[in-house]
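To keep things clear, I will list the structure first and then write my remarks on it.
Protein chains: 2
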Amino acid sequence: MKFCSSCGSTVEFRVPPGDALPRHVCPTCSTVHYQNPKIVVGALAEWEDRILLCRRAIEPRLGMWTLPAGFMENEESTAQGAARETLEEACARIEVGPMYTLIDVPAISQVHIIYRARLLDLDFRPGEESLEVALFAEADIPWEQIAFRTIAMTLRHYFDDRRSGNWSFHTGCITAPPPAGGKPVPAG
Amino acid sequence: MKFCSSCGSTVEFRVPPGDALPRHVCPTCSTVHYQNPKIVVGALAEWEDRILLCRRAIEPRLGMWTLPAGFMENEESTAQGAARETLEEACARIEVGPMYTLIDVPAISQVHIIYRARLLDLDFRPGEESLEVALFAEADIPWEQIAFRTIAMTLRHYFDDRRSGNWSFHTGCITAPPPAGGKPVPAG
Ligand SMILES: [Zn+2]
Ligand SMILES: [Zn+2]
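Going down the list, the protein sequences come from chains H and G. Using UniProt numbering, read the first sequence as starting at 1 and increasing by one per residue. Using UniProt numbering, read the second sequence as starting at 1 and increasing by one per residue.
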């Protein structure tokens with residue numbers, strides 16, 4: 001941020017009076033421009049013993065598999081966001097169930113929230129941001145090709161809970177940086 | 001938003017290519033300025049059979065009681081945010097427990113997350129944004145003077161769960177507008 005979005009002046013980066021952290025502050029109109037974490041919402045949608053995954057048509061992690069998920073929009077609920085993202089990325093209609101995982105990713109200032117859901121019909125197809133959409137049984141999950149660590153964690157909880165029959169809400173926090181190297185690796 | 005925060009040009013409000021909603025788009029540098037919901041994080045901190053409330057020294061709801069809570073900052077986890085807000089508003093040190101409530105407030109594009117927590121000592125006092133900080137037993141909760149509906153919902157869940165002994169994570173969504181009228185009324 002270089003310019004004030006309210007008046008167009010060049011902003012300064014300093015600690016406002018009574019605050020604890022430096023912010024982008026406008027010296028002309030005094031607006032403090034806060035920057036806050038973003039929420040990613042998505043759905044783990046079931047059809048019998050299979051779950052819906054999308055193969056990404058966009059960066060990051062182009063070509064890798066993920067649950068339908070994306071940035072929550074203003075004026076929607078987290079559950080509405082999960083249904084909207086599933087419709088956008090997989091052209092799939094779902095009945096949203098309970099919130100299932102909430103995983104902090106402080107290194108990139110994101111919080112990822114995934115709902116359990118029930119796929120309402122089989123008329124899904126790739127949306128603009130997906131190359132493929134498909135149902136996967138546990139044995140067929142492409143574990144080495146899951147796009148994001150929060151999604152891999154969510155899938156592991158899901159299959160563990162399904163096996164045990166003890167469903168619960170799971171929280172987590174990804175603190176380690178993604179592994180470096182030439183191979184595409186899950187991150188965030 | 002009137003000006004591009006990257007280059008200072010006047011922004012346009014239109015649907016970018018491949019998008020579904022209108023955004024603030026810069027015609028000069030092509031930056032799309034997304035606006036997303038904000039997360040409020042806080043803590044319900046216990047000391048024996050009492051819980052910690054703060055009386056607000058700032059608007060909105062100046063003079064009313066709330067759990068220590070505030071906007072999550074970049075590069076922290078939700079749990080870290082809950083501990084930070086408790087330290088800032090009540091100068092209180094806590095051990096953060098499980099996530100307890102997550103309540104959507106789509107009308108104001110916020111998601112409120114409250115953790116259960118254990119107060120570590122009694123050396124609390126009002127921070128800059130609080131007039132008073134005090135421990136309340138259930139019978140003494142000032143129900144008519146709770147600042148926000150998400151906080152009142154969280155407190156009701158807490159005392160219900162404590163009575164039943166069945167602790168669980170609760171989600172919710174506040175869809176109705178706050179009641180109108182002259183009296184200060186809980187909102188958000
Ligand atoms: Zn300004
Ligand atoms: Zn620009």
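Quick reminder that beta carbons are idealized off the backbone N, C-alpha and C, glycines included. Values in this document were obtained by computation on a predicted structure and should not be read as measured data.
### Length-filtered (3 minimum) beta strand (DSSP E) runs lying within the UniProt domain "Nudix hydrolase" (36 to 159) of chain H
38 to 47, 50 to 56, 69 to 71, 94 to 105, 110 to 119, 130 to 136
### Query
Regarding G8/G and ligand 2, is the C-beta to nearest heavy atom distance less than 8 Å?
As a first step, residue 8/G must be located in the second sequence, where it is residue number 8. Yes.
### Task
Give the C-beta separation of F148/H and T66/H to the nearest angstrom, bearing in mind that I take them to be a contact with Cβ-Cβ under 8 Å.
Counted from its first residue, the first sequence places residue 148/H at position 148. Counted from its first residue, the first sequence places residue 66/H at position 66. Indeed, because the Cβ distance is near 6 Å, the residues count as touching under 8 Å.
### Query
Exposed or buried, V111/H, counting other C-beta atoms within 10 Å across all chains shown (16 or more means buried)?
Translated into positions along the first sequence, residue 111/H becomes position 111. Answer is buried; the Cβ neighbour count reaches 16.
### Query
Are the C-beta of E48/H and some C-beta of chain G separated by less than 9 Å?
The residue given as residue 48/H occupies position 48 in the first sequence. Cβ-Cβ to chain G under 9 Å: no for E48/H.
### Task
Between the Cα of S77/G and those of I103/H, I113/H, I94/H, spot the shortest distance and give me the residue it belongs to.
The residue given as residue 77/G occupies position 77 in the second sequence. The candidate whose alpha carbon is nearest that of S77/G is I103/H.
### Task
Could you check if V105/H is buried or exposed, using at least 16 other CB atoms within 10 Å of its CB as the buried criterion?
The residue you call residue 105/H lines up with position 105 of the first sequence. By the 10 Å Cβ count, V105/H comes out buried.
### 9 Å Cβ cutoff met for V41/G and H33/G
Numbered from 1 along the second sequence, position 41 holds the residue referred to as residue 41/G. Numbered from 1 along the second sequence, position 33 holds the residue referred to as residue 33/G. In this structure, H33/G does not lie closer than 9 Å to V41/G by Cβ.
### Between the CA atoms of L44/G and C91/G - distance to the nearest angstrom
As a position in the second sequence, residue 91/G is number 91, starting the count at 1. As a position in the second sequence, residue 44/G is number 44, starting the count at 1. Their Cα atoms are separated by approximately 14 Å.
### Task
For my contact list, M153/G and T101/G are in at a C-beta cut-off of 8 Å; report their separation, rounded to the angstrom.
Stepping through the second sequence from its first residue, residue 153/G is reached at position 153. Stepping through the second sequence from its first residue, residue 101/G is reached at position 101. That pair is a contact at about 7 Å.
### Query
Going along the region 12 to 28 of chain G in order, which residues come within less than 9 Å of chain H, judged by CB to CB distance?
G18, A20, L21, H24
#### Entry: C-beta atoms of L155/G and I141/G nearer than 9 Å
In the second sequence, residue 155/G corresponds to position 155, counting from 1. In the second sequence, residue 141/G corresponds to position 141, counting from 1. Yes, these two residues count as a Cβ contact at 9 Å.
### Task
Under the assumption that A57/G contacts S9/G (Cβ atoms under 8 Å), give the Cβ distance between them as a whole number of angstroms.
Numbered from 1 along the second sequence, position 57 holds the residue referred to as residue 57/G. Numbered from 1 along the second sequence, position 9 holds the residue referred to as residue 9/G. That pair is no contact at about 40 Å.
### Task
Return no unless some Cβ of chain G is closer than 9 Å to the Cβ of M1/H.
Within the first sequence, numbered from 1, the residue matching residue 1/H stands at position 1. By this cut-off, M1/H is an interface position.
### Cβ separation of F124/H and L62/H, assumed to be a contact under 8 Å, to the nearest whole Å
If you number the first sequence from 1, residue 124/H lands on position 124. If you number the first sequence from 1, residue 62/H lands on position 62. Contact doesn't hold; Cβ gap of about 20 Å is too wide.
### Query
Under the DSSP definition of a beta bridge, which residues are partnered with T171/H?
As a first step, residue 171/H must be located in the first sequence, where it is residue number 171. Answer is L102/H.
### Task
Have a look at F159/H, E12/H, M72/H and flag the residue whose alpha-carbon is nearest the alpha-carbon of T31/H.
Start at 1 with the first residue of the first sequence, and residue 31/H comes out as number 31. When only C-alpha atoms are compared, the closest one is E12/H.
### Query
Where does R118/G land, buried or exposed, given buried means 16+ other C-beta within 10 angstroms?
Position 118 of the second sequence, counted from the first residue, corresponds to residue 118/G. R118/G comes out exposed.
### Query
Of all the options T28/H, P37/H, R84/H, which has the alpha carbon lying nearest to the alpha carbon of Q19/G?
Here residue 19/G is taken as the residue at index 19 of the second sequence, counted from 1. Gln is not the amino acid found at residue 19/G; the sequence shown has Asp there. Looking at the Cα atoms, R84/H is the closest of the given residues.
### Task
Rank E46/G, E88/G, F159/G, E75/G by C-alpha distance to the C-alpha of E132/G and give the top, closest one.
For the purposes of this step, residue 132/G is identified with residue 132 of the second sequence, where counting begins at 1. For the residues E46/G, E88/G, F159/G, E75/G, the minimum Cα distance to E132/G belongs to E88/G.
### Message
Any beta carbon from chain G within less than 9 Å of L131/H's own beta carbon?
### Response
Counting from 1 along the first sequence, the entry for residue 131/H is found at position 131. So, not an interface residue.
### Message
Please list, in chain order, the chain G residues whose beta carbon lies closer than 9 Å to that of M99/H.
### Response
The residue given as residue 99/H occupies position 99 in the first sequence. By Cβ distance, chain G contributes L102, F169, T171.
### Query
ligand 2 heavy atoms versus the CB of T28/G: any closer than 8 Å?
Sequence index remark: in the second sequence, residue 28/G carries index 28 (1-based). Under cutoff, so the answer is yes.
### Message
With a threshold of 8 Å (Cβ to nearest heavy atom), would V11/G be considered close to ligand 2?
### Response
Here residue 11/G is taken as the residue at index 11 of the second sequence, counted from 1. Flag set: Cβ of V11/G near ligand 2.
### Query
Since Q35/G meets chain H, which of its residues come closer than 8 Å, beta carbon to beta carbon?
Counting from one through the second sequence, the residue named residue 35/G turns up at place 35. The answer, in chain order, is N74.
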